[in-house]
Every structure is written in structure tokens, then in C-alpha cells.
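To keep things clear, I will list the structure first and then write my remarks on it.
Okay, structure coming up:
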């Protein structure tokens, strides 16, 4: 499963001791070739963590031999020492694997603004290298968890080739990217430029449309590595579809495990003049705390939806807006529609449809409700 | 006090029965002249309530003889019937006062997407008209409360003239405007154009910089009415200062009474390249749920502050950013600063300073923490 579903990859997950809980906290994923093509998408946050700065450099030549990931510390806003620590981590991986440090990507997640305990981390790297295995995908997926309650893995298959992936992320989920670390592997033969095209297209439709709490992280990384071990060069569209399928599966798992959430909400914006309008409206609703609290309270308070729509620059006439919640059209032509008491908000899945009556474009944003548990998780602990 | 502190105004507040609680819910403020100049600022939300649409029309000629305000229902997204109801309310006020309906402003606040019970409201208007009094400011301030726990009133004085005001608002507080109804009166002799200039300048520095929960309402109105009853034409700058003082006082009261808040947070952005940059950064922080939860938890989690800064387009170098919380500089030159454990977050007032090291402009945004009580208030009741 996971990153070792594709041939040509080994992985490991160990407990180095970065997390007080004693759970696994260092993961290693190694590409054994014969090809080493790679592509990545990083956070658009201008305050980016040291491992993001490092990995951007690694990816410039489209080759990655291995990626090391740690939970228990984000190594973000840690200055020159933080970058030196990331560099040292890549050097240690390179040394134990016999590769070049310039081909080792690094990902970190956890509290921002603290230096990593380097002896502990480097000992974890050494141990991970000794336990690398073609069955190591699942334990690697466990080692990158922070406030996640379960590990996230997905697999898709083509004609003789496979795409597999793992993800972590439960809070700080907002687009471009949703805050997360994701590693996707494939044994297809795909050059790095094609990997980049497929990955950008896949993330635009999946991770970029997840907006759990509107908060964008400093460490987001989605890495796609191809070993070529299947010996098959896939049809580009089929390959892109498979990568999108894995990303969509992982994105759904992220929303389903978002911190403290009681409802998973699909916000479908219909009849928009442009796709960009649909996305802007969807995101404005997804970030409206009053709407998110109402859904938690099982209150179909659709006025809060239109109050959010009204803050956007999308094309619409307020007198032609429509809203339906779980199939009940509570707002019609910008006025009161069917009885809001008919709406059943007991199920975890909520389907909100906003009709802008302005064109032919549709887009869906996924988010969660705002709950006591979210406030608790994000106030009681430093994460 | 309040809107009847200035000469030439009478006010009333009565219980019409719009609120299940039986608290006062209809207020009336009447200008007895000799002048009737007025100006107003309205929500920038494109989905605006019927009373906002109506009052915009009333204000076009710069004259307002009276304003009627109701809590217990926002009359927003109520279509043609909602607008007809607002019109009928203004007509009733005009009839009982012997003025023109075109000079009667209307404000409503409460649940969006429900029609008002008109016989109840109109009976309230009749009763309010019979109890108008030069001492009615305080009870009028009570009648516009929704989830407010206390009424908000303020007064400032010039040489022989007075400015007084009342406000309501406890949730849906976000700029342009912070969600609220505000009525300000003065007995100074000021033409409507000068009123508009003073009011726009005052709101830009006060209500527009309050961002409690990032949610913008459909009903925001700030109305300024001048009776000229003092016979004094004030110095324009002194008058603008007095209006700003009243607005700032009311804005502080709004933040101090925001739904479920445990901390009042002043976000001061220093050394910005432009004032607009400072405001953009301040608002990004004020809307970051993770930061707001951390403050609730008394956790000086400054990484969440810089993660929010990084999402803006403001000019800055990530390696030159500084953050201090309640006097402790926890981040220096984009890296770890003094020990975060030195920060005391027990007091209700929190002073966050973010230094962009990019110029000479400063601005402050006021917000609150995100608490269990906020989630409770906005999930357990329809408001």
C-alpha cells in the first residue's frame, strides 16, 4: 500500500523521539530506480519553512533519490540555523544511502518556531535507513502524522503501472496548498516535466480545493517520484487521471479527519460566469465562521451563506441567487424559499449548492464545520 | 446620554414583541431641527438587506428627519416583500411624526431570511412615537441589542456643541463595515457634505478596523444626523475629531462585548511600506482561526502569526520579520527570539506587534480570540 505500492520504492518509519507521545516520527522513502524523475508543488505561503526552501532547490533538476520526513517539529521560522539543520539532515540521508545530498528532499511538520533536536533526528535517520523495506509504506504513513487520528494512503493502477501515495494533515488546511505533506510514487516511466504537468493539474482539482480552516501553512509539500521500475511509459492522460485519483482520495481523507470536525461539507457553486468566480464564492463560504458554526449546530442558517457570497467579486445579481442544503431549496430568486426546517443536518456529509445564475461554470470546495473540538485542539496544545 | 445627548433629538425604545425574550426591540430617533442634515455609511456586502437599500435612497439628498430601528429580524434576503415591508415601516413613521417617508431611514438586525411580522412591528412604531423623549437615548440603545450583553453609548463635546451615539453589534464583525447598527447625533450646524466627509474619515479609522470574526453582515449602517440646535457651526477638524472619538469609543465597546470572546487583541503592524500593507497584514492575522484559538488557550504560538503574514501581498523580507506579544519579542529577524514562556496571556487585553521592517507606516486592527463560547453562541441559536 501507500508509497510502496509502486515497484522500485522502499520506505521506513521509526520513533526517533521527536514527539513526546513516543509515536513514530521519522519516515524515509527511497527510489531504487532505474529512473529518478520527480516533481513537486510547494506552499504558496511567503513565509516558508527551511525544508521547503531546501526541497525547492533539490527539485530544480527534476531528480529525487529519496525524501526524509519528520513530524514533531516544522523547522519553520528558524533562521539560518534551521536551514543548516535541514541541510545536515539531507547530508546524513545521502551518506547512509550512498547518494548525493542534492537529490534528497526534506519535509518537516509540527510546531513552528522551534529548532529541531538534531542528534535525535539524525539517529532516527540512521535507524530508518536500516529498516527500509518494500513493505514499509504503511509505517512511513504513520510516522508523518501530527494531529491526524489515522494515516492516509491511496493507490491507483494503470496498464502495468501503479501510483500510490501517503498524506498527513488535519489542521491548517487551506488552498494553495491545503496544509499537508504528501508523497506520491509511481513505477511508471515518466520524465520529470510530464510529472510536473500531471501533478499541477491534479493538485489544482483536489488539494487546492480543500479548505478546512482557511489557514495556510509554511510547510506544504506534495512530492511525486517515478522509479520507472514497471518498464511502462503510460499514456499521458491516463497517467494524469491516476495521479488525480490518488490526490482526490487523499484529499477526501484529509477532510474526513480534519481537526474536531463533525460535518464534511461539499460547497458546490453552480451557474457561475467563470470557474474562478465559482472557486472564489466557494472559498468565501468555506471560510465563514458563522456558517461553519451553524452547520455544527445543525442549523440550516442560509442567510450566513448569502452574507458570505456578498463579500466576493463574482458576477451575480442578488435577486437571482439560490441556495439548497441537502436537497431542500431554502432560498429561491434571492428570497425566502422552502421551509428551512425541512433540512436534515444529522448526517456527517453536507451538500450545499449555491446557484449564481450567471453562467455555466461549476466548482466544488470541501470544508468542515467549526466545532468545540476544533477550538479545543487548537487552544489546548501547541501545534 | 447616547443619541439624545445632543440638543434637538428625541428617542424611544419599546417592546413590540419581535424578540421572543420580551426585551425592547423597536427604537426611534427623531431630529427636531432646525436643520436635518445627515450622512451615512453602509455595508459593502453586495447582498444587502432591504432597509439598507431603502436608507441609501433616503440619504441621497442628505436629509433625515427620523430613523427607526428594529432588532428581532434583519429583513435581509427577503425579496420584494421585504422591501415593501421596509417601505411600509417608513410610511408609518412618517405618518405618526408628520414628516415625509422619503426622509425616514430604516435599520433592521436579527436573523437573515425571514419576513418581519409587520402588524407587530407597526404597532411598535406607534407606541415608540408616543414615548419619544429627550431622555430616550438609553432605552433606544437597549432596543437595538441582539446578542449584545450590554448597550453601547458614547458622547464627545466641542465648544458649545455635542456628539453622541449608540451602537449594537456583537458578532458578524468585520470591516467595511464591522457588522453593526450605529446612530450618531449632533446639535452642531454641519451641512450634509461635511457630515459625510467627517463620517467616512472616522469610520475608516475605527469601525473599519474592527474585525471580530471576519464575517461581514448584510445590514451594517452608521448614520450621522445633525440638528443644528446648538446654533454653533464648529471648526471642521474639531468636529471630525469629535465624531472619530465617539466612533472609536463605540468600536472599543463592540470589541469588548464580542460574542464569547475572552481576549481583546490589538494587532499593531509596524514598519510597513504602506498603510494598506499594514492593514492587509493586520486583517490576515485577525482572521486566522489557529492564532485566535491559541490566544484563547493562552499559548503565545507566534508561528501562526507569521504563517498568516506569509499569505499576504505586503512588502516584507521573511528574514527580517519581528513579533512581540505583550512586550516579549518572541521572533527576531525571522527567527526564534526570546523565550515564548515569558509571555503572560492572563490579562484580557493582548497587544501583538508585528514588525515588517519595510517602511514607516503603522496600523492597528482590533479582534478577539476564538473560544468555545463563540462556537456555542453561533451554533446553538439562529441569529
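Protein chains in written order, with this note's numbering: chain A, 11 to 393; chain B, 11 to 393.
Where is the CB? At the ideal position from N, CA and C, for every residue including glycine.
How about residue 273 of chain A: is its C-beta nearer than 8 angstroms to some C-beta of chain B?
On the first chain, residue 273 of chain A is found 263 positions in, with the first residue counted as 1. Closer than 8 angstroms: no.
Supposed contact pair residue 177 of chain B and residue 264 of chain B - C-beta distance, whole angstroms, cut 8 angstroms
Residue numbering aside, residue 264 of chain B sits at position 254 when the second chain is read from its first letter. Residue numbering aside, residue 177 of chain B sits at position 167 when the second chain is read from its first letter. Correct: roughly 6 angstroms between the Cβ atoms.
So if DSSP puts residue 119 of chain A in a beta bridge, which residue, or which two residues, is it bridged to?
What you label residue 119 of chain A is simply residue 109 of the first chain in a count that begins at 1. According to DSSP, residue 119 of chain A bridges with A/83.
Check whether the Cβ atoms of residue 4 of chain B and residue 298 of chain B lie closer than 8 angstroms to each other.
Look at the range of chain B in this structure, 11 to 393, and you will see that residue 4 of chain B is not part of it.
Cβ-heavy atom distance between residue 98 of chain B and the ligand COA below 7 angstroms?
As for the ligand COA, it is missing from this structure, which has no ligand bound.
Assuming residue 64 of chain B and residue 96 of chain B make a contact with CB atoms under 8 angstroms, what is their CB distance in whole Å?
In the second chain, the residue the question calls residue 64 of chain B occupies position 54. In the second chain, the residue the question calls residue 96 of chain B occupies position 86. Correct: roughly 5 angstroms between the Cβ atoms.
Our contact map puts residue 144 of chain A next to residue 14 of chain A with C-beta atoms below 8 angstroms; I'd like the distance itself, whole angstroms only.
Sequence index remark: in the first chain, residue 144 of chain A carries index 134 (1-based). Sequence index remark: in the first chain, residue 14 of chain A carries index 4 (1-based). Rounded, the Cβ-Cβ distance is 5 angstroms, consistent with contact.
Can we say the stretch 292-307 of chain A touches the stretch 19-27 of chain B, given the rule of at least three CB pairs closer than 8 angstroms?
no
Does any CB atom of chain B fall closer than 8 angstroms to the CB of residue 228 of chain A?
One-based indexing of the first chain puts residue 228 of chain A at position 218. Yes, residue 228 of chain A lies at the interface with chain B (some Cβ there is under 8 angstroms from its Cβ).
State yes or no: is the beta carbon of residue 335 of chain A nearer than 8 angstroms to at least one beta carbon in chain B?
For the purposes of this step, residue 335 of chain A is taken as the residue at position 325 of the first chain. It does not: the Cβ of residue 335 of chain A has no partner Cβ on chain B nearer than 8 angstroms.
Ignoring anything shorter than 3 residues, give me the beta strand (DSSP E) runs that lie fully in the stretch 49-77 of chain B, in order along the chain.
none
When you compare the CB of residue 390 of chain A with every CB in chain B, is at least one pair closer than 8 angstroms?
Stepping through the first chain from its first residue, residue 390 of chain A is reached at position 380. It does: the Cβ of residue 390 of chain A has a partner Cβ on chain B nearer than 8 angstroms.
How long is the line joining the alpha carbons of residue 293 of chain B and residue 48 of chain A, rounded to whole angstroms?
As a working note, residue 293 of chain B is residue 283 in the second chain. As a working note, residue 48 of chain A is residue 38 in the first chain. About 38 angstroms.
Endpoints, the beta strand (DSSP E) within which residue 3 of chain A is located
Nothing can be reported for residue 3 of chain A, as the shown portion of chain A is limited to 11 through 393.
Might you give, ordered along the chain, the residues of its own chain that have their beta carbon closer than 6 angstroms to the beta carbon of residue 238 of chain A, omitting 5 neighbours on each side?
Reading the first chain from its first residue, position 228 is the one you call residue 238 of chain A. Closer than 6 angstroms at the Cβ level, and outside the excluded window around residue 238 of chain A, lie 44, 45 and 199.
Beta-ladder partner(s) of residue 162 of chain B, from DSSP
What you label residue 162 of chain B is simply residue 152 of the second chain in a count that begins at 1. Its beta-bridge partners are B/177.
What separation, rounded to the nearest whole angstrom, lies between the Cα atoms of residue 278 of chain B and residue 208 of chain B?
As a position in the second chain, residue 278 of chain B is number 268, starting the count at 1. As a position in the second chain, residue 208 of chain B is number 198, starting the count at 1. Taking the straight line joining both Cα atoms gives about 24 angstroms.
I believe residue 347 of chain B touches residue 339 of chain B by the beta-carbon criterion, under 8 angstroms. Please report the beta-carbon distance rounded to the nearest angstrom.
The residue labelled residue 347 of chain B in the question sits at position 337 within the second chain. The residue labelled residue 339 of chain B in the question sits at position 329 within the second chain. So it is a contact: roughly 5 angstroms between Cβ atoms.
Whose Cβ in chain A lies nearer than 9 angstroms to the Cβ of residue 121 of chain B?
Residue 121 of chain B sits at position 111 when you count from the first residue of the second chain. In chain order: 311 and 313.
As a quick exercise: from A/25, A/58 and A/123, pick the residue whose alpha carbon is nearest that of residue 350 of chain B.
Here residue 350 of chain B is taken as the residue at index 340 of the second chain, counted from 1. Among A/25, A/58 and A/123, the Cα nearest to that of residue 350 of chain B is on A/123.
Buried versus exposed, by CB contacts within 10 Å (16 or more), residue 240 of chain A:
Here residue 240 of chain A refers to the residue found at position 230 when the first chain is read from its first residue. Residue 240 of chain A should be labelled buried.
When you compare the CB of residue 382 of chain A with every CB in chain B, is at least one pair closer than 8 angstroms?
For this step, residue 382 of chain A is matched to residue 372 along the first chain. It does: the Cβ of residue 382 of chain A has a partner Cβ on chain B nearer than 8 angstroms.
Would you kindly work out how many angstroms separate the C-alpha atoms of residue 364 of chain B and residue 331 of chain B, rounded to a whole number?
Against the second chain, residue 364 of chain B aligns to sequence position 354. Against the second chain, residue 331 of chain B aligns to sequence position 321. Those two C-alpha atoms are separated by around 7 angstroms.
Within the same chain, show all residues whose beta-carbon is closer than 6 angstroms to that of residue 127 of chain A, passing over the 5 residues directly before and after it, in chain order.
Along the first chain, one-based indexing puts residue 127 of chain A at 117. Contacts found: none.
What residues are listed by DSSP as bridge partners for residue 195 of chain A?
Position 185 of the first chain, counted from the first residue, corresponds to residue 195 of chain A. The partner list for residue 195 of chain A (beta bridge, DSSP) reads A/174 and A/235.
Taking only runs that begin and end inside the stretch 312-361 of chain A, name each unbroken alpha helix (DSSP H) of 4 or more residues, in chain order.
312-319
The beta strand (DSSP E) with residue 280 of chain B in it runs from where to where?
Within the second chain, the letter at position 270 stands for residue 280 of chain B. Residues 274-282.
Neighbourhood of residue 23 of chain A by C-beta distance below 6 angstroms, restricted to the same chain and skipping five residues each side:
In the first chain, residue 23 of chain A corresponds to position 13, counting from 1. Same-chain partners within the cutoff: 34, 37, 149, 150, 152 and 153.
Nearest to residue 309 of chain B (by Cα), restricted to the options B/355, B/272, B/40 and B/214:
By 1-based counting over the second chain, the position of residue 309 of chain B is 299. Minimum Cα distance to residue 309 of chain B is reached at B/355.
Which residues in the same chain have their Cβ closer than 6 angstroms to the Cβ of residue 324 of chain B, if we skip the five residues on either side of it in sequence?
Looking up residue 324 of chain B in the second chain gives position 314. So the list reads 287, 290 and 291, once near-sequence residues are dropped.
Give the residues of chain B in contact with residue 87 of chain A, contact being defined as C-beta atoms less than 7 angstroms apart.
Your numbering for residue 87 of chain A matches position 77 in the first chain. Per Cβ cutoff of 7 angstroms: 313, 316, 341, 344 and 345.
Is it true that the CB of residue 131 of chain A sits closer than 8 angstroms to the CB of residue 91 of chain A?
Along the first chain, read from residue 1 onward, the residue named residue 91 of chain A stands at position 81. Along the first chain, read from residue 1 onward, the residue named residue 131 of chain A stands at position 121. Against a cut-off of 8 angstroms, the Cβ pair of residue 131 of chain A and residue 91 of chain A comes out as no contact.
Judging by CA-CA distance, which residue of B/306, B/370 and B/317 is the nearest neighbour of residue 359 of chain B?
To locate residue 359 of chain B, count along the second chain from 1; it is residue 349. Per the Cα distances, B/306.
Residue 20 of chain A (DSSP reduced to helix, strand or coil):
As a first step, residue 20 of chain A is located in the first chain; it is residue number 10 there, counting from the start. The answer is strand: DSSP assigns residue 20 of chain A an E or B state.
So residue 265 of chain A is in the alpha helix (DSSP H); what residue range does that whole segment cover?
Counting from 1 along the first chain, the entry for residue 265 of chain A is found at position 255. It spans 246-266 - the alpha helix (DSSP H) in which residue 265 of chain A sits, taken as one unbroken run.
Can you tell me which of the three DSSP states residue 388 of chain B falls into?
As a position in the second chain, residue 388 of chain B is number 378, starting the count at 1. The answer is helix: DSSP assigns residue 388 of chain B an H, G or I state.
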